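Numbering (my numbering), first residue to last: 2 to 356.
In this text, a Cβ means the ideal position worked out from N, Cα and C, and glycines have one as well.
These figures come from a predicted structure and were not determined experimentally.
Structure first, then comments.
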């Protein structure tokens with residue numbers, strides 16, 4: 002399928018998923034131009050410095066996706082479709098209904114093959130392998146990749162927020178938009194917020210405003226998750242009763258959300274599932290975050306200014322954005338710091354071509 006026709010078909014299929022963003026043909030073409038210029042699927046090699054160049058999609062691309070967020074699976078497939086590759090998708094055991102709906106909207110000639118298990122020949126036959134999931138899953142597949150294959154792993158990541166403000170309704174709404182989607186299980190979901198000033202008062206105000214915020218549809222928590230959340234809350238209730246500066250606010254009668262104020266800015270485990278840690282801003286944020294520097298994905302900022310951006314960069318962020326936009330990266334973002342399209346093509350350099 003010719004590029005322009007393919008891009009139009011992809012945009013049409015993506016239009017049914019507003020949470021993907023503004024995937025219009027014009028925006029897709031602009032994205033291609035930013036990353037690849039005129040090199041993608043062009044009929045002729047293009048001038049590139051002192052020589053010429055063209056790109057060929059790595060194909061087939063095997064996408065191994067997890068079940069915690071359909072967003073990542075769809076984005077991975079969309080990138081493979083845009084560059085013109087043949088795509089194979091290894092689905093999680095429970096499937097991904099959103100992905101099935103999207104694929105049904107595509108023209109048959111560019112639909113990917115999908116299965117809930119690795120089909121014979123897929124892993125060996127793929128020119129590129131993209132893995133979304135745990136670090137253990139990434140390590141498992143990394144050990145099976147051939148030197149001739151390209152391996153792109155999107156493993157475990159941590160996101161957080163940095164705030165220099167009191168808590169007000171608009172900010173609480175932004176925090177809810179960042180935390181609640183995907184039950185806080187996505188790589189872009191913030192696990193804790195550092196707050197300058199009175200962090201305990203900020204947490205108290207947030208706990209009062211949080212029940213008013215809309216929540217996306219969510220499945221009931223299984224028994225294991227529910228038990229872990231109850232144990233976590235019991236521990237922090239005890240700590241709140243015995244330690245100065247520790248406070249816990251929780252949704253009444255259910256496990257919908259919890260806000261924890263921890264006066265220690267050090268890193269602690271978060272059970273997720275809409276559990277929000279509020280901590281005081283450290284004296285040296287970048288130093289305190291250094292143990293997880295390589296794991297940091299997105300840092301939400303309020304406000305966004307030169308000082309907050311510089312601190313986010315020093316702390317290891319791969320993406321910085323306003324709080325409230327953490328789950329909505331732009332089409333052109335560099336996922337985990339990589340060019341999303343340029344990573345899926347092979348460059349062919351041509352020297353000595355007369356034009």
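> Apart from the five residues on each side of it in sequence, which residues of its chain come closer than 7 Å, Cβ to Cβ, to residue 94?
Replying inline: Correct list, in chain order: 117.
> Does the distance from the CB of residue 351 to the CB of residue 46 come in under 8 Å?
Replying inline: Yes, they are a contact pair.
> For residue 291, does the count of other Cβ atoms within 10 angstroms reach 16, so buried, or fall short, so exposed?
Replying inline: So residue 291 ends up on the exposed side.
>> Using only CA atoms, which one of 58, 98, 57 lies nearest to residue 71?
In response: In this structure, 98 is the residue among 58, 98, 57 with its C-alpha nearest to the C-alpha of residue 71.
>> By the three-class DSSP mapping on this structure, what secondary structure does residue 28 have?
In response: Three-state result, residue 28: helix.
> Would you call the region 81-92 and the region 150-168 touching, i.e. three or more CB-CB distances under 8 Å?
Replying inline: In this structure the region 81-92 does not lie against the region 150-168, because fewer than three pairs of beta carbons, one per stretch, are closer than 8 Å.
>> Could you check whether residue 303 and residue 331 sit closer than 8 Å to each other, using their CB atoms as the reference points?
In response: Their beta carbons are not under 8 Å apart, which means residue 331 does not touch residue 303 by this criterion.
>> Beta-carbon within less than 7 Å of residue 180's beta-carbon, same chain only, minus the 5 sequence neighbours each way: which residues are those?
In response: Only 190, 191, 275, 277 meet the Cβ criterion.
>> Based on DSSP bridge pairs, tell me the residues matched to residue 53.
In response: The partner list for residue 53 (beta bridge, DSSP) reads 48, 351.
>> On a Cα-Cα basis, can you pick out the residue from 26, 96, 34 that is closest to residue 340?
In response: Closest by alpha carbon: 34.
> Pairing CB atoms from the region 198-212 with CB atoms from the region 259-274, are three or more of them under 8 Å?
Replying inline: Contact annotation: the region 198-212 touches the region 259-274, with at least three C-beta pairs closer than 8 Å.
> For residue 20, does the three-state DSSP call read helix, strand or coil?
Replying inline: DSSP places residue 20 in helix when its eight states are reduced to three.
> In whole angstroms, what separates the C-alpha of residue 229 from that of residue 115?
Replying inline: Their backbone Cα atoms lie some 34 Å apart in a straight line.
> Are residue 211 and residue 309 closer than 8 Å when you measure CB to CB?
Replying inline: Cβ distance not < 8 Å, so residue 211 and residue 309 don't count as in contact.
>> Taking the alpha-carbon of residue 165 as reference, which of 197, 259, 120 has the nearest alpha-carbon?
In response: Considering only alpha carbons, the answer is 197.
> If you follow the alpha helix (DSSP H) that residue 69 is part of, which residue opens it and which one closes it?
Replying inline: According to the DSSP assignment, residue 69 belongs to no alpha helix (DSSP H), since it is labelled neither H nor E.
>> residue 140 and residue 59 - do their beta-carbons sit closer together than 8 Å?
In response: No, the pair does not count as a contact, with Cβ atoms beyond the cut-off.
> Can you list, in chain order, the residues of its chain whose CB lies under 6 Å from that of residue 294, leaving out five sequence neighbours each side?
Replying inline: The residues are 317.
>> Going by DSSP in three states, residue 33 sits in which element: helix, strand or coil?
In response: For residue 33, the three-state secondary structure derived from DSSP is helix.
> With a Cβ-Cβ cutoff of 8 Å, do residue 168 and residue 206 count as a contact?
Replying inline: At the C-beta level, residue 168 and residue 206 come within 8 Å of one another.
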